[in-house]
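Residue numbers (the numbering used here): 60 to 692.
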């Protein structure tokens with residue numbers, strides 16, 4: 060639940076969820092980790108499924124590594140997280156987990172308007188309101204942000220909106236959601252150098268002031284429900300999606316411009332039945348997508364002769380991919396005893412790609428001439444079709460000895476098909492990427508218990524990921540990687556006194572490579588720890604209500620040290636941050652909120668990386684305060 064958080068960036072919410080790390084980049088950018096290290100690369104985002112009201116926000120095979128900036132997390136009713144392989148319930152891209160954003164619901168809350176100010180000309184305006192009727196109602200929410208950014212040339216303008224319409228017609232009820240986002244951002248690159256995030260002359264600079272990202276997205280979905288009898292219902296969810304993005308790849312020599320987009324639609328149908336001994340759901344998912352990507356470079360590459368010759372200006376890629384997904388699934392819960400349930404889920408999914416190259420085949424310049432040094436870096440494959448058929452499954456048991464406690468154990472197998480960029484955006488003369496679907500096998504066991512004074516949740520897990528897609532020493536995309544993970548996740552809540560409350564969430568996990576490979580300049584050995592995968596992450600909260608009109612919260616966020624490279628030779632030392640939130644209801648319909656981040660003005664890195672022989676950092680923001688006025692009508 061997000062009430063009272065006043066999010067500026069989604070990572071502020073996910074520190075409250077064990078097993079999850081949303082690593083903040085520049086502006087609204089981020090990378091994701093769920094029971095894993097932070098994943099990077101063009102197809103890494105395929106390991107995490109981002110949904111809105113249960114509908115994937117992107118087509119299968121066309122993920123965006125910064126998926127969350129396309130969703131109005133800031134005004135969501137709630138955010139739900141499923142940790143571990145969840146493909147049997149949600150589909151292929153739920154390899155390591157699912158983040159579901161629940162859009163603002165139609166309810167009886169009065170209309171509200173909030174205005175927030177912060178440093179570096181940060182301004183945020185939020186408005187929401189609606190009407191509830193006997194047959195449904197409507198609700199709209201709008202979020203507008205403008206800031207110069209704390210580092211040089213890192214400002215952004217962002218607009219997000221959602222419109223929910225609930226209604227009934229005949230024997231059906233319908234909940235329709237229209238959502239849209241727009242982001243115009245100046246992007247900051249890594250600051251480079253040993254512990255550069257601690258250097259006051261470097262940390263607020265931007266080595267790439269020319270970098271930018273412009274992205275838009277629109278989605279429309281409707282959940283249609285018809286009760287068949289007292290115990291069963293038919294649920295049909297059709298949806299349409301569109302997105303478009305321009306992104307200057309400032310981190311590549313030559314700084315080529317990537318442009319991509321997609322138009323897609325589909326339908327998810329479920330037949331649900333709740334019986335005395337057996338609950339079951341059977342269903343199907345169909346999806347069609349038309350996607351495209353173009354990469355061009357305006358100016359010659361600057362640098363050594365090899366880079367200049369192999370990365371020429373002009374068109375590098377220009378292709379379209381149409382895809383079709385068809386899946387069937389079921390989910391069973393068998394009440395074998397009043398306190399014991401057995402569960403089983405299965406999903407079979409087929410994803411077919413039809414790739415069409417719109418430019419010259421091969422790794423020539425865009426006029427057909429050859430590059431020196433063995434050929435141009437960027438390779439355009441010939442037209443082709445690829446199909447992937449995969450199965451995900453889950454089996455488990457749940458035991459409820461008393462009303463306020465439950466124990467569970469589950470085993471699951473998940474998958475993700477290769478993303479289109481991994482198959483068709485090739486390099487160094489590779490003409491075919493013969494890739495397999497990645498898979499994860501996981502086991503978990505846990506317990507939950509709670510009452511009015513507090514609650515506890517504890518989960519232990521082990522999992523193994525296989526057939527991971529890598530870029531090898533020859534710059535070929537191959538299926539070769541394996542990792543092993545095990546850990547414990549916990550969440551505690553305690554209300555010892557009427558005016559005091561405490562929360563603690565944390566994760567201890569170890570993620571290791573289970574293969575040996577030379578990736579060109581960096582060797583991976585079996586047993587090395589996965590880079591950007593701290594063993595400990597966690598957050599603690601103390602909530603204090605001295606008087607009814609005033610709420611205070613002190614937050615501590617802990618990040619353990621972690622390796623910055625897969626060779627395990629360079630390490631980031633970790634950090635602890637303290638944040639303070641206060642909310643004063645000074646009038647019946649008005650409140651004033653104050654949030655102070657990084658109270659101790661810690662010099663830290665949002666993310667640390669080591670590449671090309673250099674330490675690279677996204678420096679964390681210094682101490683800062685935000686003030687917000689909220690009025691209800």
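Every residue, glycine too, gets a C-beta built ideally from N, C-alpha and C. Predicted model, so just to flag it, every value in this text is computed and none were measured.
Taking residue 420 as the reference, give the member of 409, 410, 429, 441 with the closest Cα.
Within the chain shown, the letter at position 361 stands for residue 420. The residue with the shortest Cα to Cα distance from residue 420 is 441.
Return the CA-CA distance between residue 400 and residue 392, expressed in angstroms with no decimal places.
Taking the chain shown and counting its residues from 1, the one referred to as residue 400 is at position 341. Taking the chain shown and counting its residues from 1, the one referred to as residue 392 is at position 333. Approximately 6 Å between the Cα atoms of the pair.
Nearest CA to the CA of residue 666: which residue from 624, 672, 691?
By one-based count along the chain shown, residue 666 stands at place 607. With distances taken between Cα atoms, residue 666 lies closest to 624.
Three-state class that DSSP yields for residue 128 in the structure shown:
Looking up residue 128 in the chain shown gives position 69. Residue state, collapsed to three classes: helix.
Suppose you measure from the CA of residue 362 to the CA of residue 252; what does that come to, to the nearest Å?
Here residue 362 refers to the residue found at position 303 of the chain shown. Here residue 252 refers to the residue found at position 193 of the chain shown. The straight-line gap from Cα to Cα measures roughly 20 Å.
Ignoring anything shorter than 3 residues or poking outside the segment 219–279, list the beta strand (DSSP E) runs there in chain order.
231–245
Between residue 225 and residue 196, how many whole angstroms is the CB-CB distance? I'm expecting something under 8 Å.
Here residue 225 refers to the residue found at position 166 when the chain shown is read from its first residue. Here residue 196 refers to the residue found at position 137 when the chain shown is read from its first residue. Between residue 196 and residue 225 the Cβ distance is about 6 Å, and since that is below 8 Å, they are a contact.
So, under 8 Å CB-CB, residue 505 and residue 494 are touching, yes? Tell me the CB distance rounded to an integer number of Å.
Here the question's residue 505 lines up with position 446 in the chain shown. Here the question's residue 494 lines up with position 435 in the chain shown. Contact doesn't hold; Cβ gap of about 34 Å is too wide.
What is the rounded straight-line gap between the Cα of residue 617 and the Cα of residue 271?
Locating residue 617 in the chain shown gives position 558, counting from the first residue. Locating residue 271 in the chain shown gives position 212, counting from the first residue. So the alpha carbons of these two residues sit roughly 31 Å apart.
Is the beta carbon of residue 507 sitting closer than 9 Å to the one on residue 527?
Residue mapping note: residue 507 aligns to position 448 of the chain shown, counting from 1. Residue mapping note: residue 527 aligns to position 468 of the chain shown, counting from 1. Against a cut-off of 9 Å, the Cβ pair of residue 527 and residue 507 comes out as no contact.
Burial state of residue 175 (16 or more Cβ within 10 Å):
Numbered from 1 along the chain shown, position 116 holds the residue referred to as residue 175. Per the 10 Å Cβ criterion, buried.
Going along the chain, which residues of its own chain have a beta-carbon closer than 6 Å to the beta-carbon of residue 158, five neighbours each way excluded?
Taking the first residue of the chain shown as position 1, residue 158 is located at position 99. Result list for residue 158: 109, 140, in chain order.
Decide if the segment 416–430 is in contact with the segment 460–471; the criterion is three or more beta carbon pairs, one per stretch, under 8 Å apart.
no
Which whole-angstrom value describes the C-beta separation of residue 286 and residue 298, a residue pair presumed to lie in contact below a C-beta threshold of 8 Å?
In the chain shown, residue 286 corresponds to position 227, counting from 1. In the chain shown, residue 298 corresponds to position 239, counting from 1. With 8 Å as the limit, residue 286 and residue 298 do not qualify as a contact, their Cβ atoms being about 22 Å apart.
The alpha helix (DSSP H) spanning residue 364 covers which residue range?
Position 305 of the chain shown, counting from 1, holds the residue named residue 364. Run containing residue 364: 364–369, per the alpha helix (DSSP H) assignment.
Just how far apart, CA to CA, sit residue 328 and residue 208?
As a working mapping, residue 328 is identified with position 269 in the chain shown. As a working mapping, residue 208 is identified with position 149 in the chain shown. Roughly 44 Å between the two C-alpha positions.
Using C-beta distances below 6 Å, list every residue in its chain close to residue 133, excluding the 5 sequence neighbours before and after it, in chain order.
Counting from one through the chain shown, the residue named residue 133 turns up at place 74. Answer for residue 133: 66, 202, listed in chain order.
Work out the CA separation of residue 461 and residue 611 for me, nearest whole Å.
Position 552 of the chain shown, counted from the first residue, corresponds to residue 611. Position 402 of the chain shown, counted from the first residue, corresponds to residue 461. Roughly 34 Å between the two C-alpha positions.
Residue range of the unbroken alpha helix (DSSP H) whose run includes residue 70:
Numbered from 1 along the chain shown, position 11 holds the residue referred to as residue 70. Element bounds for residue 70: 70–73.
Element boundaries [beta strand (DSSP E), containing residue 663]
As a first step, residue 663 must be located in the chain shown, where it is residue number 604. Counting along the chain, residue 663 falls outside any beta strand (DSSP E), and DSSP gives it neither H nor E.
Round the Cβ separation of residue 370 and residue 436 to the nearest angstrom and send it over; I've been treating them as touching at under 8 Å.
In the chain shown, residue 370 corresponds to position 311, counting from 1. In the chain shown, residue 436 corresponds to position 377, counting from 1. With 8 Å as the limit, residue 370 and residue 436 qualify as a contact, their Cβ atoms being about 5 Å apart.
Would you mind sorting residue 80 into buried or exposed? The rule is 16 or more other CB atoms within 10 Å of its CB.
Taking the chain shown and counting its residues from 1, the one referred to as residue 80 is at position 21. Classification for residue 80: buried.
Residue 147, enclosing alpha helix (DSSP H) - first and last residue:
Locating residue 147 in the chain shown gives position 88, counting from the first residue. Residue 147 -> alpha helix (DSSP H) spans 146–149.
Span of the beta strand (DSSP E) around residue 527
The count along the chain shown starts at 1 and reaches residue 527 at position 468. Start and end: 513–530.
Going by C-alpha distance, which of 690, 684, 689 is nearest residue 181?
Taking the chain shown and counting its residues from 1, the one referred to as residue 181 is at position 122. It is 684.
Could you round the C-beta distance between residue 262 and residue 250 to whole angstroms and report it? I think they count as a contact, below 8 Å.
Stepping through the chain shown from its first residue, residue 262 is reached at position 203. Stepping through the chain shown from its first residue, residue 250 is reached at position 191. Between residue 250 and residue 262 the Cβ distance is about 6 Å, and since that is below 8 Å, they are a contact.
Quick check on residue 478: does DSSP put it in helix, strand or coil?
Start at 1 with the first residue of the chain shown, and residue 478 comes out as number 419. DSSP places residue 478 in coil when its eight states are reduced to three.
Bridge partner(s) assigned by DSSP for residue 332
For this step, residue 332 is matched to residue 273 along the chain shown. Answer is 291, 339, bridged to residue 332.
Is it buried or exposed, residue 562, if we count other Cβ atoms within 10 angstroms and call 16 or more buried?
In the chain shown, the residue the question calls residue 562 occupies position 503. It is buried - the Cβ of residue 562 has at least 16 other Cβ atoms within 10 Å.
Within 9 Å, strictly: CB atoms of residue 414 and residue 444
Position 355 of the chain shown holds residue 414. Position 385 of the chain shown holds residue 444. For residue 414 and residue 444, yes; Cβs fall inside 9 Å.
Just the C-alpha distance for residue 151 and residue 586, rounded to the nearest angstrom, thanks.
Within the chain shown, numbered from 1, the residue matching residue 151 stands at position 92. Within the chain shown, numbered from 1, the residue matching residue 586 stands at position 527. Between residue 151 and residue 586, the C-alpha separation is close to 28 Å.
Run through DSSP, which three-state label would residue 133 get?
One-based indexing of the chain shown puts residue 133 at position 74. Note: residue 133 maps to helix in three-state DSSP.
Note down the Cα distance separating residue 343 from residue 387, rounded to an integer number of angstroms.
By one-based count along the chain shown, residue 343 stands at place 284. By one-based count along the chain shown, residue 387 stands at place 328. Looking at the two C-alpha atoms, the distance is approximately 4 Å.
Using a threshold of 8 Å, is the CB atom of residue 340 nearer than that to any non-hydrogen atom of the ligand GTP?
Because no ligand of any kind appears in the structure shown, any question about the ligand GTP cannot be addressed here.
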